[in-house]
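Asker:
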């Protein structure tokens, strides 16, 4: 078939037209690409992006830019837009990559090169420049927390590579107030290539992704550091670090080197002192992959060229669980004085740290597998010293020689043991095949410590430590002094889970200090033995045969203690204490006590005049619910005739209360019995009590309850405390009391003075307000009105039949006719004391109080020799605070014969007086200035009135009274504010025309006599009464 020429030409133009139409969009696309990624547009786009989204501004010059190959830029400046504060400066940036390689799964940076980088961290007024330029967005608190996944999965497998070059990096930190940091001339080379991966682990196993890693930090030149923060640190620092890791064909090559040298650094203090710390640390280690061995070629620490530490080590089969270790430390010596100077320079103290001496490592070798690791070492020290405050501690000699074979896996938790590893239960403490310390010694001043340790599975623990002349004042200055010697032995013949111990300590020339007073010299000996149980879930300790003995400087025994105890600490805690015997010989102990303690014990030392003893058993348990205390104690106080006093208790301390399950008291041969139960519930910071108390003492015959007191009869106290109120009853039935003045047990003669209180009966219910919020101030109501409104007179509930003595008030022994102070012999007359007592609202009121006297010498019938009556006597306890307590009494004294109570006189006289008396006190914290007393004598004999007058009046007034008075009908004495006011009414003769004499009346006053002077005059007049007599002239 024939083809036309026009058709043939048309077919030839089709490819040209196709190429033309394809090249047009490619042309426009290429033009748009070159326009979009032109240096000017990239520079402007990034600048606007920073301006629009941050508080910073960016200036930079883009020299070359390409989406496929990277970019180059110079003169990069990033700063805060508002203030112009610099953030970052980079002289040159070169970022090179090949984007099309990402299609093959290769993602990385061929080169990231930064030259002359300066990073600025500046803080002003609590705000950092970076925070001002890039404020953080506040996240809502309601946003749920999400847990990070263990790894991140990628859609495709990738390979990452990076080449980072950092030349002359500088960091500048400025916080004002003369605080700044500058780190300059930092150079870094980092190259990383990973193997292909599709998952990124978010843990330390991420390092396994790296196939090649090369890191070089400052390989050729040192960096410079300048720090100002009160002190100045500046100068060059050599910090050369090299790290290489390469993984290929199932093998890994690894090596690392570090060279740290601070010789060029200067340390300046605020005072301008200059110091240096010329330390050099160097290590070189590598991994031998074919031998599976990590080798530490060298680890060296030196100071000014002097080697302080040098070691070499090797770890075989490091990638296998069956690792083995070989380490050797060459003989080394450390001068602590130079170390102190280096640390002082680094810390900026300006002077050397107070340490000195020499430590020498003579030998240190470690060899073997981790399940059977052999350790040998010998370390010695000489002339060691360090200071703390004003104290300096010096050790002339230190020595330690040790050999051990151990299973190291229990102490290396970061090393994974072999899969078939099983801890050997036969090892000592699960760790040692053997441990031997044949030489342990320490010489400190005059003290010396020596010992040895031997631990083997077949023989157990054998440890002995000996101590000689340790001065306590070196460690307890201002608290105690003395020299401690002793020994300690540890042993475990049966099992390493149970370790026995035995100790014997001796403290001589011991003294201690309390409140600026010091004790006397004394000697203490302590010995004991026990067992520690380390097995099971709880730690147990038992102490048996604990004995403490103390002697004073004269060698007298002053203290003996025999005790034991145990403790158990697990999910709960239990503590037990057993005191088999505690004996205190106070007369021997007293010279050894500090003065402050002797002063506090002084009121009770009479009870300690004979040796006292104690035996006790206490147990304390602690768990999550409560703390419980159980105890049984027995006391012996010979002075009080107590040799069987027993106290037992069961107390529980819980979160909301203290529960008193039981507190019991027994003693006095069964005569004394007490029981307390109840609880204290918490209410904020206060406790609400609910308690029941029952206390009684009962005896059919006289029972010694004190050295000079015997008791017969029964006394009962029952009380119930409920929240704010205490109610109860106090009773006595058939109570007789015998008091012996000189500790004698019976009236055998004039030297034994005894007082007998017979026939005491009491039946007193009571009600007490514990809060004291509504304290009754009885003084606001007159006594008569208050007491009569309080309760009408009822039958007496307090009776004392009689109070008699083997001696009369003049001290004369009267065995045939005992002197009755109150009352009369049995079966005669009325009781000596009878009253109606009531106790309510914290006030004790005595209604119808009657006190009766018996005429001495009357043996066949009761003859009244005077009485004292009262219907208005009260004692207000208020809130038990002395400043709120009140006391008031109105007394009527009727025909009371005072003659038996005064010394015998050469002249006879009538000593019978009648009077009215009253006393009021409204503040018992200071009773002298808050009390008023009134005494009005309206019946007194003329002979006796002269004696009374001499007490209350000056001598010249007394002479005038005696010379000029016919009669003294009345005497009145008042006490106000600590001063005594006296009034004497007299009658004397007067001359009138036509009458020879006529009586007249006058009153003589003596005001404002201090109470002390009044009492002293009364004492003096009573002493002189017998010699001078009542009717002697005053001048004599």
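Residue numbers (this note's numbering): 3 to 1038. Every residue, glycine too, gets a C-beta built ideally from N, C-alpha and C.
1) Residue 808 by DSSP, collapsed to three states: which one?
2) What did DSSP end up calling residue 230 once you bin it into helix, strand or coil?
3) Assess, as a yes-or-no matter, whether the region 338-348 is touched by the region 296-303 under the definition of 3 or more beta carbon pairs within less than 8 Å.
4) Could you pull out every residue in the same chain whose Cβ sits closer than 7 Å to the Cβ of residue 752, ignoring the five residues on either side in sequence?
5) Quick one: residues in its chain with C-beta nearer than 7 Å to the C-beta of residue 511, no 5 flanking neighbours on either side, listed in chain order?
6) Can you list, in chain order, the residues of its chain whose CB lies under 8 Å from that of residue 71, leaving out five sequence neighbours each side?
7) Start and end of the beta strand (DSSP E) containing residue 896?
8) Report all residues from its chain with a CB closer than 7 Å to the CB of residue 470; omit the five preceding and five following residues, and keep chain order.
9) DSSP three-state call for residue 290: helix, strand or coil?
10) Where does residue 1049 sit, in a helix, a strand or coil, going by DSSP?
11) Could you give the first and the last residue of the continuous alpha helix (DSSP H) run that contains residue 46?
12) Please determine, among 124, 157, 66, 126, the residue with the shortest C-alpha to C-alpha distance to residue 107.
13) CA-CA distance, residue 683 and residue 692?
14) I need the DSSP call for residue 992, collapsed to helix, strand or coil.
15) I'd like the span of the beta strand (DSSP E) that includes residue 1116, first residue to last.
16) Between the C-alpha atoms of residue 824 and residue 895, what's the straight-line distance to the nearest angstrom?
17) In or out: residue 461 buried (at least 16 other Cβ within 10 Å) or exposed?
18) Which first and last residues belong to the alpha helix (DSSP H) in which residue 868 is found?
19) In whole angstroms, give me the CA-to-CA distance for residue 252 and residue 168.
20) In whole angstroms, what separates the C-alpha of residue 481 from that of residue 755?
21) Residue 787: buried (16+ other C-beta within 10 angstroms of its C-beta) or exposed?
22) Based on Cα-Cα distance, which residue from 923, 330, 420 lies nearest to residue 379?
23) On the criterion of 16 or more Cβ atoms from any shown chain inside 10 Å, does residue 359 qualify as buried, or is it exposed?
24) Report yes if the C-beta distance between residue 410 and residue 372 is below 8 Å; otherwise report no.
25) With a cut-off of 8 Å on the beta carbons, I'd call residue 123 and residue 164 a contact; round off their distance for me.
26) Thinking C-beta only, is residue 239 closer than 8 Å to residue 271?
27) What does a CB cutoff of less than 6 Å around residue 247 pick up in its chain, not counting 5 residues either side in sequence?
28) Between the C-alpha atoms of residue 708 and residue 758, what's the straight-line distance to the nearest angstrom?
29) Where do the ends of the beta strand (DSSP E) carrying residue 299 lie?
30) Residue range of the beta strand (DSSP E) that residue 131 falls in?
31) Pull up the distance between the alpha-carbon of residue 734 and that of residue 654, whole angstroms please.
32) Can you look up residue 346 in the DSSP assignment and give me helix, strand or coil?
33) Mind the definition here: the region 131-139 touches the region 219-226 only if three or more C-beta pairs lie below 8 Å; say whether that holds.
34) How is the beta strand (DSSP E) around residue 184 delimited, first residue to last?
35) Taking DSSP as the reference, what is the three-state secondary structure of residue 71?
36) CB residue 617 to CB residue 583, shorter than 8 Å?
Answerer: On the basis of the coordinates in this document:
1) As a working mapping, residue 808 is identified with position 806 in the chain shown. Here residue 808 sits in coil by DSSP.
2) Mapped onto the chain shown, residue 230 falls at position 228. Looking at residue 230 - three-state DSSP - the assignment turns out to be strand.
3) no
4) Locating residue 752 in the chain shown gives position 750, counting from the first residue. 815.
5) Translated into the one-based positions of the chain shown, residue 511 becomes position 509. For residue 511, where only same-chain residues beyond five positions count, the Cβ hits under 7 Å are 484, 485, 523.
6) Taking the chain shown and counting its residues from 1, one reaches residue 71 at position 69. So the qualifying residues of the chain are 98, 99, 100, 101.
7) Position 894 of the chain shown, counted from the start, is the residue given in the question as residue 896. Looking at the DSSP string, the run of the beta strand (DSSP E) that includes residue 896 is 888-899.
8) Position 468 of the chain shown, counting from 1, holds the residue named residue 470. Excluding positions up to five away in sequence, the list reads 449, 450, 487.
9) Translated into positions along the chain shown, residue 290 becomes position 288. Strand.
10) The question about residue 1049 has no answer here: the residues shown for the chain are numbered 3 through 1038.
11) Walking along the chain shown from the start, residue 46 turns up at place 44. Taken as a continuous stretch (DSSP letters only), the alpha helix (DSSP H) holding residue 46 covers 41-55.
12) Sequence index remark: in the chain shown, residue 107 carries index 105 (1-based). Considering only alpha carbons, the answer is 157.
13) Translated into the one-based positions of the chain shown, residue 683 becomes position 681. Translated into the one-based positions of the chain shown, residue 692 becomes position 690. Their backbone Cα atoms lie some 8 Å apart in a straight line.
14) Residue numbering aside, residue 992 sits at position 990 when the chain shown is read from its first letter. Here residue 992 scores only 48 on pLDDT, less than 50, and its place in the model should not be relied on; the value that follows carries that caveat. Strand at residue 992.
15) What the structure shows of the chain is the stretch from 3 to 1038, and residue 1116 is not part of that stretch, so it cannot be assessed.
16) Within the chain shown, the letter at position 822 stands for residue 824. Within the chain shown, the letter at position 893 stands for residue 895. Cα-Cα distance, rounded: 14 Å.
17) In the chain shown, residue 461 corresponds to position 459, counting from 1. Exposed, because fewer than 16 other Cβ atoms sit within 10 Å of the Cβ of residue 461.
18) One-based indexing of the chain shown puts residue 868 at position 866. Premise fails: residue 868 lies in the beta strand (DSSP E), 866-878, not in any alpha helix (DSSP H).
19) Numbered from its first residue, the chain shown carries residue 252 at position 250. Numbered from its first residue, the chain shown carries residue 168 at position 166. One C-alpha to the other measures close to 32 Å.
20) Locating residue 481 in the chain shown gives position 479, where the first residue counts as 1. Locating residue 755 in the chain shown gives position 753, where the first residue counts as 1. Taking the straight line from one Cα to the other gives about 48 Å.
21) Residue 787 sits at position 785 when you count from the first residue of the chain shown. Any reading at residue 787 needs caution, since the residue's pLDDT is 44, under 50, leaving its predicted position unreliable; the model's value is listed next. The residue is exposed, with fewer than 16 neighbouring Cβ atoms inside 10 Å.
22) On the chain shown, position 377 is the one that residue 379 refers to. Closest option to residue 379, Cα to Cα, is 330.
23) On the chain shown, position 357 is the one that residue 359 refers to. Per the 10 Å Cβ criterion, buried.
24) As a working mapping, residue 410 is identified with position 408 in the chain shown. As a working mapping, residue 372 is identified with position 370 in the chain shown. Yes. Within cutoff.
25) Here residue 123 refers to the residue found at position 121 of the chain shown. Here residue 164 refers to the residue found at position 162 of the chain shown. Taking a contact as a CB-CB distance under 8 Å, the pair residue 123 and residue 164 does not count as one, their CB atoms being some 25 Å apart.
26) Residue mapping note: residue 271 aligns to position 269 of the chain shown, counting from 1. Residue mapping note: residue 239 aligns to position 237 of the chain shown, counting from 1. Contact: no.
27) What you label residue 247 is simply residue 245 of the chain shown in a count that begins at 1. The residues are 215, 256.
28) Reading the chain shown from its first residue, position 706 is the one you call residue 708. Reading the chain shown from its first residue, position 756 is the one you call residue 758. Those two C-alpha atoms are separated by around 15 Å.
29) Counting from one through the chain shown, the residue named residue 299 turns up at place 297. First-last of the beta strand (DSSP E) with residue 299: 295-305.
30) The residue labelled residue 131 in the question sits at position 129 within the chain shown. Careful: residue 131 lies outside any beta strand (DSSP E), inside the alpha helix (DSSP H) at 131-135.
31) Taking the first residue of the chain shown as 1, we reach residue 734 at position 732. Taking the first residue of the chain shown as 1, we reach residue 654 at position 652. When rounded, the distance between both Cα atoms is 34 Å.
32) To locate residue 346, count along the chain shown from 1; it is residue 344. Here residue 346 sits in helix by DSSP.
33) no
34) Sequence index remark: in the chain shown, residue 184 carries index 182 (1-based). Per DSSP, residue 184 belongs to the beta strand (DSSP E) from 181-196.
35) The residue you call residue 71 lines up with position 69 of the chain shown. DSSP places residue 71 in coil when its eight states are reduced to three.
36) Position 615 of the chain shown, counting from 1, holds the residue named residue 617. Position 581 of the chain shown, counting from 1, holds the residue named residue 583. Yes. Within cutoff.
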